[in-house]
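S.K.: The sequence shown begins at 23 in our numbering and counts up by one.
Where is the CB? At the ideal position from N, CA and C, for every residue including glycine.
Got a structure here, written out as structure tokens. Questions coming.
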Amino acid sequence: MKHRDVEAFIQCEGKVLPEYDVKIEDERTVSCFIPSEVGMKFEVHIREKGGINSFSVQVTIDGRHMGSSVCHRGRTASRWGVRTSDRNMRHPYQFSPLTVTDDDECLGHVESHAKIGEIELKAHRITGDTKTTKYNTTVYETVGSVHEKTKKSGVHCVSLGDAVPCSPDSRCRTTRLYPAEGTYVNFLFRYRPLEVLQAQAIAPLPPAQERPDNDQGPSQAGPSNRERHQRERGSERKRKRTTHDQDEDVKPPIDIDDEENLETLEEQLKKIQAKIQKVKRERRSPEFEGAAAKLRIIHAEQEVIDLTED
Numbered sequence: 023m024k025h026r027d028v029e030a031f032i033q034c035e036g037k038v039l040p041e042y043d044v045k046i047e048d049e050r051t052v053s054c055f056i057p058s059e060v061g062m063k064f065e066v067h068i069r070e071k072g073g074i075n076s077f078s079v080q081v082t083i084d085g086r087h088m089g090s091s092v093c094h095r096g097r098t099a100s101r102w103g104v105r106t107s108d109r110n111m112r113h114p115y116q117f118s119p120l121t122v123t124d125d126d127e128c129l130g131h132v133e134s135h136a137k138i139g140e141i142e143l144k145a146h147r148i149t150g151d152t153k154t155t156k157y158n159t160t161v162y163e164t165v166g167s168v169h170e171k172t173k174k175s176g177v178h179c180v181s182l183g184d185a186v187p188c189s190p191d192s193r194c195r196t197t198r199l200y201p202a203e204g205t206y207v208n209f210l211f212r213y214r215p216l217e218v219l220q221a222q223a224i225a226p227l228p229p230a231q232e233r234p235d236n237d238q239g240p241s242q243a244g245p246s247n248r249e250r251h252q253r254e255r256g257s258e259r260k261r262k263r264t265t266h267d268q269d270e271d272v273k274p275p276i277d278i279d280d281e282e283n284l285e286t287l288e289e290q291l292k293k294i295q296a297k298i299q300k301v302k303r304e305r306r307s308p309e310f311e312g313a314a315a316k317l318r319i320i321h322a323e324q325e326v327i328d329l330t331e332d
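Encoded structure:
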């Protein structure tokens, strides 16, 4: 996410987690949803892009303080865990399943559980000067069990993984540039299982899987043997017609399936031609000419009578 001149993101196994439903909630706060997975370790990053300000960044996870880092102007700061008792060991942040119980003793912690599922990065502008301080052991609280009435079922929480060796580091003290300013920018990441985000229409659903070739529906079924045979015969006839030379006077092709059809057509043609010849002979006969002449006379008389009446 980006807001003002600062950018923040969550990274897991070298990849930046996708951000869904990014919203600017107020002048200083921007929020989004990210997918979480049990056992997945992650780290938070914040980057100053303006080259002007330096920040002290407080990391709050599930409503609990989880360390601070300094981000100098034009630089990127990251944090992937916290030191507890040994300055040479660090416990990584990791997503874990949330334990839900019906024990009424947990009802007293409902307010503290309100921010379960949130990773918050608050950046305050500081002067460029920092002072090294003595390292002190810090105790970080865990979420523990939550009552079922908190309606947190199906979500995750963040726990601390097994300690990992790291280079020794010292703590430093910073000075606010504008003490009355408060938080310069606040990044709020709400993490949920991907299935929950998809069910709530926050994250897109995965693309539908293609059907295997042997599980095609009726509309996708291949041609039958008969259809393939007819296509092959049509293609063969087409190839035969196209093999003639382009300059040759080619007669229009007759689409005949076999010799029996050809003989039938020839017989029908002979009968039609015989009928035509018979009609022509009848028209040339004396009886036909006499009848035609009689019709012409009657037609002429009718025309004379019609004209007289007008």
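Would residue 116 be called buried (16 or more neighbouring beta carbons within 10 Å of its own) or exposed?
M.R.: Under this definition residue 116 is a buried residue.
S.K.: Please state the DSSP three-state secondary structure of residue 94.
M.R.: Correct three-state label for residue 94: coil.
S.K.: Excluding the 5 residues preceding and the 5 following residue 163 in the sequence, name in chain order all residues of the same chain whose CB lies nearer than 6 Å to its CB.
M.R.: Result list for residue 163: 86, in chain order.
S.K.: Going by beta carbon distance, what residues of the same chain come within less than 6 Å of residue 91, once the five residues before and after it are set aside?
M.R.: Closer than 6 Å at Cβ, skipping near neighbours: 79, 99, 101.
S.K.: Which of the three DSSP states is assigned to residue 104 in this structure?
M.R.: Correct three-state label for residue 104: strand.
S.K.: Compute the Euclidean distance between the alpha carbons of residue 37 and residue 143, then round it to the nearest angstrom.
M.R.: Cα to Cα, residue 37 sits roughly 19 Å from residue 143.
S.K.: DSSP state of residue 296, grouped into three classes?
M.R.: Residue 296 falls in the helix class under three-state DSSP.
S.K.: For the beta strand (DSSP E) holding residue 182, just list the boundary residues, first then last.
M.R.: First-last of the beta strand (DSSP E) with residue 182: 178 to 182.
S.K.: Return the CA-CA distance between residue 84 and residue 34, expressed in angstroms with no decimal places.
M.R.: Computed Cα separation, rounded: 18 Å.
S.K.: Taking its Cβ as the centre, do 16 or more other Cβ atoms sit within 10 Å of residue 201, making it buried, or is it exposed?
M.R.: Under this definition residue 201 is an exposed residue.
S.K.: Can the beta-carbon of residue 74 be found closer than 7 Å to that of residue 95?
M.R.: Yes.
S.K.: Rounded to whole angstroms, what's the CA-CA distance from residue 152 to residue 214? Just pull it up for me.
M.R.: For residue 152 and residue 214, the distance between alpha carbons rounds to 37 Å.
S.K.: Alpha carbon to alpha carbon, how far is residue 231 from residue 62?
M.R.: A caution first: residue 231 carries a pLDDT of 49, below 50, which makes its placement in the model unreliable, though a value can still be read off. So the two alpha carbons sit approximately 26 Å from each other.
S.K.: Buried or exposed for residue 89, going by 16 or more other Cβ atoms inside 10 Å?
M.R.: Classification of residue 89: buried, given that the 10 Å Cβ count is 16 or more.
S.K.: Measure the C-alpha to C-alpha separation of residue 179 and residue 217 and round it to an integer number of angstroms.
M.R.: Using only the alpha carbons, I get a separation of about 16 Å.
S.K.: Could you give the DSSP three-state label for residue 287: helix, strand or coil?
M.R.: In the structure shown, residue 287 sits in a helix (DSSP, three-state: H, G or I).
S.K.: Who are residue 67's beta bridge partners in DSSP?
M.R.: 31, 100, per the DSSP bridge assignment.
S.K.: I'd like the span of the beta strand (DSSP E) that includes residue 145, first residue to last.
M.R.: Looking at the DSSP string, the run of the beta strand (DSSP E) that includes residue 145 is 140 to 155.
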